[in-house]
Amino acid sequence: MARIRSIKPDFFTSEKIASLPLSARLLFVGLWTHVDDNGVTVDNERLINAAIWPLEDDPLEALQRTREDLRRLSTARLIVRYEAAGKALLFIAGWDEHQKVSHPAKPRYPRPTPEQMSTQIVPVNSADATLPEPVTDSSGDSPEDLQRALEIFGPEQGAGSREQGKEMPPPAAEPPARRDAPAETTITQRSKLITDAYAAVEPMCKWPAINGIVIKAIKAEKWSDDEIRAALLRLADEGRTVTVETLRRELAGDPPPESRAPSRNQPSNGSGSQMPPRDADYSDPFRRKKSA
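Numbered per our numbering, the sequence shown spans residues 80 to 371.
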């Protein structure tokens with residue numbers, strides 16, 4: 080899900096940031112809200128593009144721009160692209176020092192090793208696949224200084240500012256998550272935007288069925304549109320089928336249920352799938368209270 084982060088004024092006066100095109104700068108900021116509280120996300124260009132640029136008129140053009148900007152950020156050593164457990168991952172350099180998370184969630188993925196921090200993985204089809212020469216002056220841009228390379232992040236929302244002390248006014252309260260869509264936007268319009276983001280990474284999906292599931296999640300009024308979109312993209316990334324139940328579990332943070340063979344006394348529908356018991360609860364799972 081998208082997360083609230085803060086930004087220091089130093090971002091706008093950083094020479095390294097100023098050397099990047101505007102699209103790369105905005106993508107960099109978008110990545111802060113996209114990565115988990117450990118500063119890591121899956122390095123999948125399509126998922127990143129769908130999460131950060133969901134409203135672009137030309138998705139293919141946006142994807143190409145995102146691909147190029149990710150390479151620029153990697154070359155500038157603002158992000159680290161690496162592999163762990165056979166999965167391509169992305170880490171924001173200097174995360175701990177500059178982004179303070181009050182109540183971090185449990186990390187989904189491991190951070191890069193020191194060796195991976197100094198030797199990044201650049202896609203072989205990249206036009207600028209050659210890494211730049213290490214900088215060894217006092218600017219702190221050398222690979223060994225990646226953890227303290229950036230002075231551009233601010234503390235997590237609500238944590239205050241150590242630099243400004245009491246002179247800083249308290250941050251504005253976070254608005255309710257379900258108000259992320261404009262008041263005049265209908266549920267149908269909201270669900271279409273979310274479903275289109277999923278279809279961008281799963282083009283062979285059954286769009287009407289996915290859209291119907293999304294509408295149910297929106298009507299439950301428990302999660303923001305960004306949370307629903309992010310949950311769908313995680314299901315796509317993990318190759319899991321989207322159903323009302325799998326989406327509800329992902330939104331609630333529940334682990335996927337273990338697959339079990341049908342009970343000997345439990346009837347089957349003839350296709351190998353277990354038939355639900357007669358007393359099954361057919362109420363909307365999105366509105367079901369989470370069991371203790």
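No residue lacks a Cβ here, since even glycine has one placed at the ideal position from N, Cα and C.
Quantities reported herein were computed from a predicted structural model and do not represent experimental measurements.
Worksheet item: Roughly how many angstroms separate the alpha carbons of Glu324 and Asp122, rounded to a whole number?
Response: In the sequence shown, counting from the first residue as 1, residue 324 sits at position 245. In the sequence shown, counting from the first residue as 1, residue 122 sits at position 43. The alpha-carbon atoms of Glu324 and Asp122 are separated by roughly 27 Å.
Worksheet item: If you follow the beta strand (DSSP E) that Arg160 is part of, which residue opens it and which one closes it?
Response: Along the sequence shown, read from residue 1 onward, the residue named residue 160 stands at position 81. Residues Ile158 to Ala163.
Item to complete: Have a look at Pro100, Pro336 and Asp116 and flag the residue whose alpha-carbon is nearest the alpha-carbon of Ala184.
Response: Along the sequence shown, read from residue 1 onward, the residue named residue 184 stands at position 105. For the residues Pro100, Pro336 and Asp116, the minimum Cα distance to Ala184 belongs to Asp116.
Fill in: Neighbourhood of Tyr188 by C-beta, 6 Å cutoff - its chain only, sequence neighbours within 5 removed
Stepping through the sequence shown from its first residue, residue 188 is reached at position 109. So the list reads Val119 and Leu168, once near-sequence residues are dropped.
Worksheet entry | Length of the line joining the Cα atoms of Ser326 and Leu311 | Here the question's residue 326 lines up with position 247 in the sequence shown. Here the question's residue 311 lines up with position 232 in the sequence shown. In the sequence as presented, Ser is not what sits at residue 326; that position holds Leu. Distance between the alpha carbons of Leu326 and Leu311: 7 Å.
Practice prompt. Return the CA-CA distance between Ser181 and Asp304, expressed in angstroms with no decimal places.
Written response: Counting from 1 along the sequence shown, the entry for residue 181 is found at position 102. Counting from 1 along the sequence shown, the entry for residue 304 is found at position 225. Rounded to whole angstroms, Ser181 to Asp304 spans 23 Å at the Cα level.
Worksheet item: What residue from Thr192, Ala309, Gln195 and Pro193 has the CA that sits closest to Arg125's CA?
Response: Residue mapping note: residue 125 aligns to position 46 of the sequence shown, counting from 1. The candidate whose alpha carbon is nearest that of Arg125 is Ala309.
Practice prompt. Go to Ala129, then tell me how far its beta strand (DSSP E) extends in each direction, as first and last residue.
Written response: On the sequence shown, position 50 is the one that residue 129 refers to. Ala129 -> not in any beta strand (DSSP E); alpha helix (DSSP H) instead, spanning Glu124 to Ile131.
Worksheet item: In three-state DSSP terms, what is Thr120?
Response: For this step, residue 120 is matched to residue 41 along the sequence shown. Strand.
Practice prompt. Check Glu246 in the structure and name its three-state DSSP category.
Written response: Locating residue 246 in the sequence shown gives position 167, where the first residue counts as 1. Because Glu246 sits at a pLDDT of 47, beneath the cut-off of 50, its placement in the model cannot be relied upon, and the point is left open.
Practice prompt. Report the three-state DSSP secondary structure of Ile83 (helix, strand or coil).
Written response: Taking the first residue of the sequence shown as 1, we reach residue 83 at position 4. If DSSP states are grouped into helix, strand and coil, Ile83 belongs with coil.
Practice prompt. Can you have a look at Gly244 and say buried or exposed, based on whether 16 or more other CB atoms are within 10 angstroms of its CB?
Written response: What you label residue 244 is simply residue 165 of the sequence shown in a count that begins at 1. A caution first: Gly244 carries a pLDDT of 42, below 50, which makes its placement in the model unreliable, though a value can still be read off. By the 10 Å Cβ count, Gly244 comes out exposed.
Worksheet entry | 7 Å CB neighbourhood of Glu281 in its chain, flanking five on each side removed | To locate residue 281, count along the sequence shown from 1; it is residue 202. The residues are Ala315.
Worksheet item: CB-CB under 8 Å to Arg190, same chain, minus the five flanking residues each way: which ones, in chain order?
Response: The residue you call residue 190 lines up with position 111 of the sequence shown. Closer than 8 Å at the Cβ level, and outside the excluded window around Arg190, lie Asn117, Gly118, Val119 and Phe170.
Worksheet item: Shortest alpha-carbon distance to Leu99 belongs to which of Pro138, Ala129, Ile131 and Arg150?
Response: Here residue 99 refers to the residue found at position 20 of the sequence shown. Of the listed residues, the one whose Cα sits closest to Leu99 is Arg150.
Worksheet item: Does the beta-carbon of Gly173 have 16 or more other beta-carbons within 10 angstroms, so that it is buried, or is it exposed?
Response: The count along the sequence shown starts at 1 and reaches residue 173 at position 94. The residue is buried, with at least 16 neighbouring Cβ atoms inside 10 Å.
Worksheet item: Helix, strand or coil: which one does DSSP assign to Leu168?
Response: Locating residue 168 in the sequence shown gives position 89, counting from the first residue. In the structure shown, Leu168 sits in a strand (DSSP, three-state: E or B).
Fill in: Separation of Ala276 from Pro133, as counted between CA atoms
In the sequence shown, residue 133 corresponds to position 54, counting from 1. In the sequence shown, residue 276 corresponds to position 197, counting from 1. Whole-angstrom Cα-Cα distance: 6 Å.
Worksheet item: alpha helix (DSSP H) containing Leu314: first to last residue?
Response: The sequence position of residue 314 within the sequence shown is 235, counting from 1. Here the alpha helix (DSSP H) through Leu314 covers Asp304 to Asp316.
Worksheet entry | Terminal residues of the alpha helix (DSSP H) in which Arg146 lies | For the purposes of this step, residue 146 is taken as the residue at position 67 of the sequence shown. Run containing Arg146: Pro138 to Thr154, per the alpha helix (DSSP H) assignment.
Worksheet entry | Rounded C-alpha distance that separates Val108 from Ala296 | Taking the first residue of the sequence shown as 1, we reach residue 108 at position 29. Taking the first residue of the sequence shown as 1, we reach residue 296 at position 217. Their Cα atoms are separated by approximately 28 Å.
Practice prompt. Can you tell me which of Lys298, Asn290 and Glu176 puts its alpha carbon nearest to the alpha carbon of Lys87?
Written response: In the sequence shown, counting from the first residue as 1, residue 87 sits at position 8. Measuring from the Cα of Lys87, the nearest candidate turns out to be Glu176.
Worksheet item: Is Leu330 closer than 8 Å to Asp306 when the C-beta atoms are compared?
Response: Walking along the sequence shown from the start, residue 306 turns up at place 227. Walking along the sequence shown from the start, residue 330 turns up at place 251. The question names Asp, yet the displayed sequence has Glu at residue 306. It is a contact, given that the beta carbons lie within the stated cut-off.
Discussion item. Using 8 Å for Cβ pairs, my map puts Arg160 next to Ser153. What's the rounded Cβ distance?
Written reply: Along the sequence shown, read from residue 1 onward, the residue named residue 160 stands at position 81. Along the sequence shown, read from residue 1 onward, the residue named residue 153 stands at position 74. The pair is a contact, with the Cβ atoms about 5 Å apart (cut-off 8 Å).
Worksheet item: Within 10 angstroms of its Cβ, does Thr274 collect 16 or more other Cβ (buried), or is it exposed?
Response: Indexing the sequence shown from 1 puts residue 274 at position 195. Buried is the call here.
Fill in: Bounding residues of the alpha helix (DSSP H) (the contiguous stretch that carries His177)
For the purposes of this step, residue 177 is identified with residue 98 of the sequence shown, where counting begins at 1. From DSSP, the alpha helix (DSSP H) with His177 extends over Trp174 to His177.
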